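Numbering (full-length UniProt numbering), first residue to last: 1 to 257.
By construction, the Cβ of each residue, glycine as well, lies at the ideal position given by its N, Cα and C atoms.
Just so it is clear, the structure is predicted and the values come from calculations on it, not from any experiment.
Shown next, in C-alpha cells, is the structure this report addresses.
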C-alpha cells in the first residue's frame, strides 16, 4: 500500500547491497514501494509487479515516468497466485529472482511464501509487510478488535510462526517506531481554526497522525519528546509499519522444520 519512507529506504538499501537485478512485487497499489525498488535497480533491472487492479497502478505511473524507471516495470494484473504459478510453469524462472516484496492480501502470505521460495535464488531476500498488524499480533484473544483486524492479526501470527520454524530461511523481524494518532484538540476546534486555513485538511484519522509523526520522528528518537503542530493532540500510539525479512539459505530440496 502506501509504504512509509523509512521502509522504502530499507528496501532500496537491501536491493543495492544485494546487487539485485530481478525482483518481484506482490501488491502494488499506487506504487510507493515499487518506485523505491525501481530506483535501486540498475538500468537493465526488472520488476515483475503484480496487483489485482491496474487502476491504482496507473495513478502512480506518472511518478515512475518522471523518475525514469517506467521501463523497468513488468506489470501484471489479476490475482498474484495465478501469476506466480505462471512464472513457475517456466523452469527458467526457478531461482531467477534476487528479491521479492509482499504487501497484499494477508491470508495468502503463506501461499505466496512457498511459491516465492522457488522463484527467489539462494541468498536472495523476501520481505513481507504488515507482519505485526499494528501490534495486534501481540494482543490477547479478548482484545477489542474489529472482525477485520482480528482476521488479519490471526493470519500474521500464523505466518510468523510458520516462518520462524522454516529451516529453509533465516528471519529478521523489524518494526518502525510507534506512530501516534493525532486529532484536533478541543481548543483548536472551539476557535474555528479547523474550518479553514492550514488545518483545513486535518481529519481525525491515524493517517494524519502518521504524517505528523514522520515530520517529528528524529526529535522523538533523540528523546526530545514528540512536538505536534498547534491545534493537534496525540491520542494514541500505534505501530504502523512492520516488515519481516527472510533470506533463503537452502535449496528447493530442503524442507521446513
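Heavy atom of the ligand COA within 7 Å of residue i beta-carbon
{"i": "residue 155", "result": "Absence of the ligand COA is noted for the structure shown, with no ligands found whatsoever."}
Buried or exposed (CB count within 10 angstroms, at least 16 for buried), residue i
{"i": "residue 152", "result": "buried"}
{"i": "residue 13", "result": "exposed"}
{"i": "residue 111", "result": "exposed"}
{"i": "residue 124", "result": "buried"}
{"i": "residue 43", "result": "exposed"}
{"i": "residue 147", "result": "exposed"}
{"i": "residue 82", "result": "exposed"}
{"i": "residue 166", "result": "buried"}
Per-residue DSSP class, three states only, for residue i
{"i": "residue 126", "result": "strand"}
{"i": "residue 248", "result": "strand"}
{"i": "residue 15", "result": "helix"}
{"i": "residue 171", "result": "strand"}
{"i": "residue 59", "result": "helix"}
{"i": "residue 23", "result": "strand"}
{"i": "residue 165", "result": "coil"}
{"i": "residue 142", "result": "coil"}
{"i": "residue 44", "result": "coil"}
{"i": "residue 155", "result": "helix"}
{"i": "residue 8", "result": "helix"}
{"i": "residue 67", "result": "coil"}
{"i": "residue 198", "result": "Bear in mind that a pLDDT of 30 at residue 198, under 50, signals an unreliable position, so the model cannot answer this."}
Close-in-space but distant-in-sequence residues of the same chain around residue i (CB under 8 Å, 5 per side omitted)
{"i": "residue 119", "result": "24, 84, 87, 88, 93, 94, 95, 96, 97, 100"}
{"i": "residue 145", "result": "136, 139, 153"}
{"i": "residue 223", "result": "With a pLDDT of 38 at residue 223, under the threshold of 50, the modelled position of that residue is not reliable, and the figure given next carries that caveat. Answer for residue 223: no residue qualifies."}
{"i": "residue 117", "result": "126, 168, 169, 248, 252"}
{"i": "residue 41", "result": "15, 20, 21, 23, 47, 69, 72"}
{"i": "residue 54", "result": "75, 77"}
{"i": "residue 79", "result": "52"}
{"i": "residue 160", "result": "131, 137, 173, 244"}
{"i": "residue 45", "result": "20, 21, 22, 23, 38, 72"}
Beta-carbon separation (whole angstroms), residue i vs residue j, contact threshold 8 Å
{"i": "residue 51", "j": "residue 28", "result": "4 Å"}
{"i": "residue 38", "j": "residue 64", "result": "7 Å"}
{"i": "residue 107", "j": "residue 155", "result": "5 Å"}
{"i": "residue 11", "j": "residue 36", "result": "5 Å"}
{"i": "residue 67", "j": "residue 33", "result": "Actually they do not touch by this definition, with Cβ atoms about 13 Å apart."}
{"i": "residue 158", "j": "residue 133", "result": "Their Cβ separation, rounded to whole angstroms, is 12 Å, which puts residue 158 and residue 133 out of contact at 8 Å."}
Residues of its chain near residue i, where Cβ-Cβ distance is below 7 Å and the 5 sequence neighbours each way are ignored
{"i": "residue 164", "result": "171"}
{"i": "residue 162", "result": "110"}
Residues near residue i by beta carbon distance below 6 Å, same chain, minus five either side
{"i": "residue 102", "result": "26, 112, 128"}
{"i": "residue 60", "result": "30, 31"}
*Considering only residues of the region 78-137, which uninterrupted beta strand (DSSP E) runs meet the minimum length of 3 residues and lie entirely inside it, listed in chain order?*
You should have 97-102, 120-129.
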